[in-house]
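Student: Please find one structure pasted underneath; my questions will follow.
Number of protein chains: 2
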Amino acid sequence: MKEFTPEYLDRLKDIIARRDDVQARKELADMHPADVAELYEQLDDLEEAEYLIKLLDGDHAADVLMELDEDERRRLLADMDAEDIAKQFIDHLDTDEAVDLIQELEPEERDEVLSHIDDVEQAGDIIDLLKYDEDTAGGLMGTEMIVVNENWSMPECIKQMRMQAEDMDEIYNVYVVDADDRLRGILPLKKLITHPSVSKIKHVMEVDPPSVKADTPIDEVALDFEKYDLVAMPVIDSIGRLVGRITVDDVMDQVRESSERDYQLASGLSSDVGADDSVWSQTKARIPWLLVGIASGIVASLILSGFEAQLSVVTALALFIPIIGGTGGNVGVQSSAIVVQSLANGSLDIKNFSSQLGKEILIGLLNASVISAVILVYNLIMLPEEPAVTVSVALSLFVVVMFATILGTVVPLTLEKLHINPALATGPFIQISNDIVGLIIYVGVSTACLRFFGT
Amino acid sequence: MKEFTPEYLDRLKDIIARRDDVQARKELADMHPADVAELYEQLDDLEEAEYLIKLLDGDHAADVLMELDEDERRRLLADMDAEDIAKQFIDHLDTDEAVDLIQELEPEERDEVLSHIDDVEQAGDIIDLLKYDEDTAGGLMGTEMIVVNENWSMPECIKQMRMQAEDMDEIYNVYVVDADDRLRGILPLKKLITHPSVSKIKHVMEVDPPSVKADTPIDEVALDFEKYDLVAMPVIDSIGRLVGRITVDDVMDQVRESSERDYQLASGLSSDVGADDSVWSQTKARIPWLLVGIASGIVASLILSGFEAQLSVVTALALFIPIIGGTGGNVGVQSSAIVVQSLANGSLDIKNFSSQLGKEILIGLLNASVISAVILVYNLIMLPEEPAVTVSVALSLFVVVMFATILGTVVPLTLEKLHINPALATGPFIQISNDIVGLIIYVGVSTACLRFFGT
C-alpha cells in the first residue's frame, strides 16, 4: 500500500500553492485512483483537495470520486450543480457505480442529474438499475459486459468484443446468450486466447455457469462467489434473460461491511462508526445501548428491592448477584454468536430451527452441570454454615445457564425468520435480558430455598 | 446455489448401491467441484461418498477434495497411503492448494507425500512455498502464472501464453518481468484481445502494478485487494523478483475467516465452531471462558464479602450491584470493538495510540456524564432518604465508565503492539475485568460516601 511521507505531502502542497497545473498533473497521472483518494483525504485543506481532483481527466476523476469516503464525496458534490455532476462524473462511471452515486444524492437532485446524462442508453440502464432493492443482486450489478450470441463464430466474437470493450475497465468473461437474450454460457477470456478456432461459440463455451436471479439477497450472492471462487457472475431475470453482472470487488466490500455490521451490533453500537469518526458521532453511536443498559440496571434494582428483606437477613445472598448476571450474559452471547455466524456463512439453515434448539439444549445441560458443580463444591467448602445460599446459587446458575442458552438460540433464529438481522439479538441485548431474567430466577429460587431450609 | 432434493439424493444412492459407474459418472461430469463436495457431505454413508470421489477424473477429484470441510478431507485421506495422495490429488492441484493440503497432513507423512510427486518442478515449488509463514503473502500465493519478458513482442507473448496456460484454470493477467526476473508490469488479458499489435510488451503493459512482498501479513494483502479492486496480485521478493501470485478467492476466504475469528473471540468462544459442529466440540469451545467467568464471579463474591458489614446496614447498596458491572461491561465492549475493527480495516494505525486514547477519554467523559446524571436524578427522586447511596452510585458509575473506556482502548492497542490479536481483549475478557474493577470501585466509593454522610 502506498504511504505518503510528510515530505511528499509538503512538496505537493507547495505545487498546489503555486497552482502549477503541469507539475500537479504529472504527480497524479499514473497514480491509482485509490491512492489519489487517500492523498485527497490527507490534505486537510478542502480547497487544495478540490484543486487536485479538478485537474484529473474525466475517467480518472470519476474513479477517484468513488474511492473517497462517503462524507468526503458528499462535501465535494455539495458545491456542484446537477449538470456538472452528470457530465464530470456519471458519464465516466460504470452503471453500478453511477447508481451508487445517485443513491447518495438528495431525492430532489436525482432526476435533474439523470436528465443531464449524455448517453441515453446509459441513463436508461441507470434508471432500470435504480428500481432494484439495494440489498439484492440487482442492486449490486452493473450492465457493462461483453455479450455475444451463441451462434456466432469465435472470430466474430473477438471482433464484437473489440467493439464493445472500448469503454470497459475489466473484462474476465464473455457472456453468451441465445436469440431471446437468455443466458446460455460463458466464455473465459483465457479460452479466446489459448484455443482460437472458427467453431461456433456454443461449441466452445462453458455451459450452465453459476448465475443469480436479480432478486437474490446479497448475502446469498456472496456465498455463491465464495463457493464457486468467482471473479464475476451473470445476473438473470425470472425467465433467464441476462440483465447484468456482479464483480468480485463489490462482493468483497459487501462481505467486509456485513461482517462489520454484525460485529458492531454485537458490541452495542447503533451505527457504523470507526476510530476515525468524530467524538460526537461516536458518542451518538454508543449512548443508546448504554441508556438501555442503565434502564435495565434500574429494573434490576427494583427486582432486588422486593428481595431486600431476605437480603438484610442473609447478606451472603448479595455476594452472588454478579456471578448470576455475568454467567447468563456469557452463555447467551456464545449461543447467539454461533447462531448468527452460522446463518451468515450458510452452515445453518433456518429450516433446522428445532434440531438446532435440541442440540443447544444438550450443550446447555453440559455447561450448566459443570458450572453448577463447580460453584456447589466451592460454596460447600467456603460457606458450610449457609446451606440455603449454597443450594440457591448452584440451582439458580443451572436454571440461568439453561435459560440463557435457549434464549440465545431462539431469539436470533426467530429474528431471521422475521427477516430481521439476527445480529441485533447478540451482545448487549442478550447480556441485558439475561441479567434481568437471571435476577428474577435468583430471587425466586433463593426465596424458595430460604423457606425450605427454614432460614 | 445448487439444492439437492431428497428425491435426487435417493436416486443417486440407488445408482451407488447398484455400483452403476457409467450413470454415476454422468451425474457428476458437469457438476462444479463445490457442488460435488456438498453432495459428498450430504451422503451420510462414508463408503458411498468415497465411491463417488474415486469415480472422478484426476483434476475434478482433486478440486472436490479441496472443497470439502477439513474434517471430511482428513477422514478421506486417512485411508490412503502417501503415494496415492501424491498421484491422485497433489499432482492435479495448483501449488497454493497443494501446500494447504500438505500442511494438513501429519508432519511425518509430509516428506513421503512430497517424494511421490511426479513433476519435480512442482515438488520444488511446493517445498519453497512451505517455507513461508502461513499468515503472509508467501503462505497464500501459488506459482501458476503466465510470465513473459518485457522485450518480447505481443505475438510472441500470445504464443508463450498458449504454451504456459495449458494446465491453468484461471488467468486474468500476464506478468511481465525483465531479464533478472524482476516484476516490471502486468498485461490484462483484455488488452491482448482488444489491442493486438506487434509492439514490444514493455510499450503496452501497465507499469508499476500493485504488488506485495512475500513477507507482508495477510491482513494487509486483503486491504490492498479491497483498496485496488484486484482479482489477482503479484508477489515479489525483497529485491523485486516475481515469486508468485495471489488470487482473490483465497483473499476472500481470508477476510471471511479473520472476521469470523474476531467475532468468535469477542463472543467468548475459544475455538472455531459453528452450529454444525458436534455437541462435544461446541461445549469444549464454550466452557473455558464460562469457567473464567465463574472464577471471576467468585472473586466478585470475595470482594463483596469484605463489604458485608456495610451491606447489612444499608441493603439499598446491594440493589445497584448489577448496574455497576453491566455498564462497565457495555462501555468496555464498545470501546474495544471500535479499536479492533478499525485496526482490522485499516482506519486506525497503531502509531496513533495516544491520539486515539485522548479521543476515547473525551467520549468517555461525555458518556459518563450522561449516565451519571440519569441515575443521579432517578435516585434523588426514588431514594430521597438515602443520599449516601445516591451519591455512591452516581459517582461510582462515572469512575467505572471512564475506567472501562480507557481499559477498552488501551488493552487491544497494547496487544496489537505486541503482535497478539487484539480481538482477544474484547467480549468476555473486557466484561469480566470491568465487572471486577467496577465492584472494587463501587465498594471503595460507597465506603467513603457512607463515612462522609455519617451513615
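Residue numbers (my numbering), protein chains in the order written: chain A, 77 to 531; chain B, 77 to 531.
We put the CB at the ideal spot given by N, CA and C, even for glycine.
1) Hey, does K435/A have any beta-carbon neighbour from chain B nearer than 8 Å?
2) Give the C-beta separation of V252/B and L263/B to the nearest angstrom, bearing in mind that I take them to be a contact with Cβ-Cβ under 8 Å.
3) What residue range is occupied by the uninterrupted alpha helix (DSSP H) comprising A371/B?
4) Flag V270/B as yes if its beta-carbon sits less than 8 Å from any beta-carbon of chain A, otherwise no.
5) Hey, G440/A and M478/A: beta-carbon distance below 8 Å or not?
6) With distances taken from CA atoms, which of P272/A, I370/A and A255/A is nearest G316/A?
7) Tell me the DSSP secondary structure of K289/B in three-state form.
8) Give me the residue from K435/A, A470/A and I457/A with the minimum Cα distance to I447/A.
9) For E282/B, count neighbouring Cβ atoms within 10 angstroms of its own Cβ and tell me buried if that reaches 16, exposed if not.
10) Just list the alpha helix (DSSP H) runs in the segment 317-361 of chain B, keeping only unbroken ones of 4 residues or longer that don't cross its boundaries, in chain order.
11) Taking only beta-carbon positions, decide if S377/B is within less than 8 Å of chain A.
12) At a CB-CB cut-off below 8 Å, which residues of chain B make contact with A241/A?
13) Hey, is the segment 80-89 of chain B in contact with the segment 110-128 of chain B, meaning 3+ C-beta pairs nearer than 8 Å?
14) Let me see if you follow: with CB-CB separation under 8 Å, is L500/A close to chain B or not?
15) Specify, as a first and last residue, the run of the alpha helix (DSSP H) that V252/A falls within.
16) Just the C-alpha distance for G350/B and F528/B, rounded to the nearest angstrom, thanks.
17) Roughly how many whole angstroms lie between the Cα atoms of P231/A and T270/A?
18) Which residue from Q99/A, V319/A and L500/A puts its Cα closest to that of S334/A?
19) Alpha carbon to alpha carbon, how far is P272/B from Q240/A? Give it in angstroms, no decimals.
20) Out of curiosity, what's the CA-to-CA distance linking E226/B and V250/A?
21) If you measure beta-carbon to beta-carbon, which residues of the segment 417-428 of chain A are closer than 9 Å to chain B?
22) So which residues on chain A does P286/B lean against when the C-beta distance must stay under 8 Å?
23) Closer than 7 Å by beta-carbon distance: list the chain A residues that pair up with D325/B, in chain order.
24) Between the alpha carbons of Y304/B and E184/B, how many angstroms are there, rounded?
25) Rounded to a whole number of angstroms, what is the C-alpha to C-alpha distance between L491/B and V486/A?
26) When DSSP labels each residue in this structure, what does M77/B get in the three-state scheme?
27) Can you name the residues of chain A whose CB is closer than 9 Å to the CB of I414/B?
28) Report yes if the CB atom of G401/B is closer than 8 Å to the CB atom of G401/A, and no otherwise.
29) Contact check, A392/B vs E462/B under 8 Å by CB: the rounded distance?
30) Mind reading off the beta-carbon distance from Q330/B to I294/B? Whole number of angstroms is fine, and I expect it under 8 Å.
31) From E220/A to V319/A, what does the alpha carbon distance come to, in whole angstroms?
32) So A464/A and V519/A are supposed to be a Cβ contact under 8 Å. How far apart are they, rounded?
33) Taking CB distances under 8 Å as the criterion, tell me whether T490/A reaches chain B.
34) Cα separation between E146/A and L152/A?
35) In whole angstroms, what is the alpha-carbon distance linking D326/A and E173/A?
36) Compute the beta-carbon to beta-carbon distance between A308/B and T212/B, rounded to the nearest angstrom, for a pair I have assumed lies under 8 Å.
Tutor: Here's the rundown:
1) Yes, its Cβ sits closer than 8 Å to a Cβ of chain B.
2) Sure, about 6 Å apart at Cβ, within 8 Å.
3) Start and end: V355 to S381.
4) A small fix is needed here, since residue 270/B is Thr in this sequence, not Val. At a cut-off of 8 Å between beta carbons, T270/B contacts chain A.
5) Remark: C-beta atoms of G440/A and M478/A approach each other more closely than 8 Å.
6) Ranked by Cα distance from G316/A, the first of P272/A, I370/A and A255/A is A255/A.
7) Strand at K289/B.
8) For I447/A, the closest of K435/A, A470/A and I457/A by C-alpha to C-alpha distance is A470/A.
9) With fewer than 16 Cβ atoms within 10 Å of its Cβ, E282/B is classed as exposed.
10) As far as the segment 317-361 of chain B is concerned, its whole alpha helix (DSSP H) runs of at least 4 residues are 324-342.
11) Yes - at least one Cβ of chain A is within 8 Å of the one on S377/B.
12) Neighbours of A241/A in chain B, taken as residues at a C-beta separation under 8 Å, are given in chain order as K266, I269 and T270.
13) Proximity of the segment 80-89 of chain B to the segment 110-128 of chain B meets the contact definition, three or more beta-carbon pairs being nearer than 8 Å.
14) Closer than 8 Å: no.
15) Per DSSP, V252/A belongs to no alpha helix (DSSP H); it is in the beta strand (DSSP E), N249 to V253.
16) When rounded, the distance between both Cα atoms is 53 Å.
17) Cα to Cα, P231/A sits roughly 13 Å from T270/A.
18) Residue L500/A holds the alpha-carbon nearest to the alpha-carbon of S334/A among Q99/A, V319/A and L500/A.
19) The straight-line gap separating the alpha-carbon atoms of Q240/A and P272/B is approximately 15 Å.
20) In this structure, the straight-line span from the alpha carbon of E226/B to that of V250/A is close to 28 Å.
21) Residues of the segment 417-428 of chain A with a C-beta less than 9 Å from any C-beta of chain B: Q417, S418, L419, A420, N421, G422, S423, L424 and N428, listed in chain order.
22) Per Cβ cutoff of 8 Å: H108.
23) Residues of chain A whose Cβ lies closer than 7 Å to the Cβ of D325/B are, in chain order, D305.
24) Those two C-alpha atoms are separated by around 41 Å.
25) Roughly 35 Å separates the two Cα atoms.
26) Confidence is the limiting factor: at M77/B the pLDDT is only 47, short of 50, which leaves the residue's position unreliable and the question unanswerable from this model.
27) Simply Q340, S343, L345, V349, G350, A351, D353, Q358, A361 and R362.
28) Yes, the Cβ-Cβ distance between G401/B and G401/A is below 8 Å.
29) About 5 Å; that satisfies the 8 Å criterion.
30) Right, the Cβ-Cβ distance comes to about 5 Å (below 8 Å), so this counts as a contact.
31) Their Cα atoms are separated by approximately 10 Å.
32) With a Cβ gap of about 14 Å, A464/A and V519/A do not count as contacting.
33) Chain B contact via Cβ: absent.
34) Rounded to whole angstroms, E146/A to L152/A spans 10 Å at the Cα level.
35) Between D326/A and E173/A, the C-alpha separation is close to 10 Å.
36) Contact check for A308/B and T212/B: beta-carbon distance about 17 Å, past the 8 Å limit, so the pair fails to qualify.
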